[in-house]
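Report on the structure given below.
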Amino acid sequence: MVLRRYTAAVRERLLSWFDAHARPLPWRTPGARDPYRVLVAETLLQQTQAARAGEAFPRFLARFPDPTALAAARDHEVLAQWQGLGYYQRALRLHRCAQVLVRDHGGTLPDDLAALEALPGVGRYTARAIAAQAFGQAHVAVDANVRRLGARLLGLAQPEDRVIEAGLATLLWGDASDSRHADRLPDHMTEALIELGATCCTPRRPACHACPLRRACHAAASGEPEAFPAPRRRRPPRREQLRLLVARRGAAVALARRPGHGRWAGLWGFPQANDANPVGRPLAGFEHGLSHRNLQVRPLLVRAERVPAEVVWVPLSRVAEGGGEHPVAAVDQRLARQLLAADERRAERSSALVGSA
Ligand code: SF4
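Note that my numbering has the sequence shown beginning at 28, numbered continuously upward.
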């Protein structure tokens with residue numbers, strides 16, 4: 028009984044804070060807790076900042092308003108809507124997920140946690156976020172922000188997600204093992220935890236003075252909230268060389284389809300050089316950072332007939348804008364912009380020479 032009163036007070040403070048401080052993000056439209064919208068929002072948020080995800084969300088939903096519309100689309104149409112967001116594998120998995128929903132679930136999302144977790148691209152976190160936010164089930168969804176928040180609240184140096192889920196469920200609902208104790212608004216509470224972790228319990232200088240859970244927090248009581256969780260040793264990003272072939276035909280460049288797996292699955296890009304390719308003329312290279320890799324990009328100018336027959340020829344200016352019907356990865360877009368800028372400089376130089384002649 029004491030625990031029930033305690034958790035009720037924690038819930039009350041958390042919900043009041045959320046009512047007052049939640050950011051007005053487009054997927055938070057009142058009354059619009061549709062599971063497909065939660066799925067799209069959570070997929071966007073997996074590797075993209077909330078502000079950028081918030082811009083892409085209405086655009087994506089306008090083009091693919093439900094799983095049936097998304098399932099019927101072609102790969103390149105989905106990738107085109109994902110343009111500029113990176114981590115294109117997410118888009119392809121979301122597309123596959125829609126196809127599975129249409130094939131196995133009548134075009135709607137199941138409300139069962141195990142069935143949600145079995146969907147392509149839906150992991151432990153996303154399944155719990157959908158179950159809580161769209162179906163009102165009492166689950167805690169642990170993303171990076173909630174992991175940090177949970178570690179601090181519970182005083183865990185090296186937290187495991189399952190321990191955090193259980194600990195936060197106990198704090199919010201009083202009994203980790205029995206979701207029937209969730210008597211009020213689990214959808215808002217789960218989202219409130221995510222929001223609190225993202226905006227208040229930040230990695231550096233958490234705003235403990237403004238935190239609704241301060242009185243329940245081990246890390247705040249210790250006086251050193253940033254000490255939780257213990258910092259992990261990060262491996263420096265691996266350096267990797269990427270040799271790209273630049274073949275030009277008039278205003279167009281050759282693009283090849285990248286393999287159907289890996290980081291650029293399904294996208295188009297400048298063909299990659301291999302040992303069988305002829306040596307080309309080296310162009311200016313650059314470094315391109317990915318989350319765990321540092322790509323040393325080495326472009327080589329080659330003659331048009333030297334690239335594989337299955338390439339497509341796309342205007343360089345369109346590649347620089349993202350590729351249109353042939354969406355390209357950020358690294359290819361960057362190379363296209365660099366080539367375009369070099370073309371413009373050359374054209375300026377020639378007109379200056381003509382003018383001075
Ligand atoms: S009191 Fe501080 S450390 Fe604890 S959860 Fe709130 S913001 Fe995080």
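Here a beta-carbon is modelled for each residue, glycine too, at the ideal position from N, C-alpha and C.
Residue nearest to residue i in terms of C-alpha spacing, selected from the options
| i | options | result |
| --- | --- | --- |
| F45 | L240, E192, N321 | L240 |
| A363 | V334, Q76, A281 | A281 |
| T75 | A246, Q110, Q365, V341 | Q110 |
| H288 | G201, Q116, L112, T95 | Q116 |
| E251 | I157, A234, R259 | A234 |
| A100 | T70, A83, L119 | L119 |
| V149 | L66, W200, R189, P342 | L66 |
| H319 | L121, R261, R64 | R261 |
| R285 | R155, G277, W295, A254 | W295 |
| R175 | L223, L199, L367 | L223 |
| Q164 | A171, R60, C227, N172 | R60 |
| R130 | D102, E253, I157, A98 | A98 |
| S249 | L180, Y114, P354, V339 | L180 |
| H132 | R155, P94, H166, Y114 | P94 |
Neighbour-count burial assignment, residue i, 16 or more Cβ in a 10 Å radius
| i | result |
| --- | --- |
| V306 | exposed |
| G215 | In the sequence on display, residue 215 carries His and not Gly. Flag for H215 reads buried. |
| Q160 | buried |
| R38 | buried |
| D302 | exposed |
| E375 | exposed |
| E187 | exposed |
| L380 | exposed |
| T34 | buried |
| D205 | Any reading at D205 needs caution, since the residue's pLDDT is 46, under 50, leaving its predicted position unreliable; the model's value is listed next. It counts as exposed. |
| R207 | Its pLDDT being 45, under 50, R207 is placed unreliably in this model, and the value from its coordinates should be taken loosely. It counts as exposed. |
| Q299 | exposed |
| S383 | exposed |
| A209 | For A209, the predicted model reports a pLDDT of 48, less than 50, meaning its position is unreliable; a value from the coordinates is still stated below. Buried: at least 16 other Cβ atoms inside 10 Å. |
| G177 | buried |
Boundaries (first-last residue) of the beta strand (DSSP E) holding residue i
| i | result |
| --- | --- |
| N301 | Run containing N301: none; DSSP gives neither H nor E here. |
| P186 | Neither: P186 is in no beta strand (DSSP E) and is coded neither H nor E. |
| F313 | 313-316 |
| R266 | 265-276 |
| Q323 | 320-329 |
| A279 | 279-284 |
| V169 | Per DSSP, V169 belongs to no beta strand (DSSP E) and is neither H nor E. |
Check whether residue i and residue j have beta carbons under 7 Å apart
| i | j | result |
| --- | --- | --- |
| P256 | A184 | yes |
| A274 | V329 | yes |
| P92 | C124 | no |
| G312 | V324 | yes |
| E81 | L52 | According to the sequence shown, residue 81 is Gly rather than Glu. In contact: G81 and L52 (Cβ atoms closer than 7 Å). |
| F297 | L327 | no |
| T217 | A168 | yes |
| H245 | G182 | yes |
| L22 | A83 | Here the chain comprises residues numbered 28 to 384, so residue 22 is not present and cannot be evaluated. |
| A219 | L41 | yes |
| L366 | L322 | no |
Where the alpha helix (DSSP H) through residue i begins and ends
| i | result |
| --- | --- |
| V129 | 116-131 |
| A68 | 62-72 |
| P94 | 94-99 |
| P342 | That residue, P342, is in no alpha helix (DSSP H); its beta strand (DSSP E) goes 339-342. |
| V358 | 357-383 |
| D139 | Segment: none, D139 is in no alpha helix (DSSP H) and carries neither H nor E. |
| F84 | 77-90 |
| H103 | 102-108 |
Check: residue i C-beta below 6 Å from any heavy atom of the ligand SAH
| i | result |
| --- | --- |
| L220 | The ligand SAH is not part of the structure shown, which contains the ligand SF4 as its ligands. |
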